[in-house]
Amino acid sequence: MKRIIGIVVIIIVILASWALFKTDPTEMDLLYISSTNFEGETLTTDGSFSSGAIKYSGYDYEIEGDTMYVTIKNRLFIGKSGDFSIEIKDDKLRHVKKVLLQGKETSDTYQIWPYLEE
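Residue 121, in the working numbering, is where the sequence shown stops; the numbers in between run on with no holes.
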């Protein structure tokens, strides 16, 4: 019986560690973008998360034609602060005409540059 309890405890610790350290793309409704600047071959954007438990963990980006897709990654509880500042330098940026934030789903996008008034 003690052996089974020990195995269960080890499994719980492994699952909890995995949940704390894995990174996920951030859902759009959890992001707040305060500024986005685009000059030549450099994109900078600042923002934060609407939930205090979510911490910034990095980003990915992809350029398809004249559109750039930026995915903000997060971790639960462990990581840098909830605020983030991103600077991307890439020669291909000179051809970009639109920058979209990409959420978990490919259809989950939000245009951050040029800014569109709603």
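We put the beta carbon where it would ideally sit given N, CA and C, even for glycine.
Computed from a prediction, not measured in an experiment: that's the story for all the values here.
Rounded to whole angstroms, what's the CA-CA distance from residue i to residue j? Just pull it up for me.
i    : j    : result
I89  : L46  : 8 Å
L96  : T112 : 19 Å
D63  : I17  : 27 Å
T29  : L103 : 13 Å
S84  : V99  : 29 Å
T26  : G61  : 9 Å
M31  : K5   : 46 Å
G124 : G43  : Examination of residue 124 is not possible in this model, given that the chain is present from 4 through 121 alone.
G9   : F24  : 23 Å
E67  : K92  : 16 Å
S37  : I15  : 39 Å
T74  : S20  : 24 Å
Do the CB positions of residue i and residue j come within less than 7 Å of each other?
i    : j    : result
S51  : L33  : no
Q105 : Y72  : yes
T135 : K101 : Missing from the structure shown is residue 135; the chain here goes from 4 to 121 and no further.
I57  : N40  : no
Taking the beta strand (DSSP E) that residue i falls in, what are its first and last residues?
i    : result
T109 : Segment: none, T109 is in no beta strand (DSSP E) and carries neither H nor E.
Residue ranges of each beta strand (DSSP E) within the stretch 20-101, 3 or longer
34-42, 45-52, 57-67, 70-79 and 86-92
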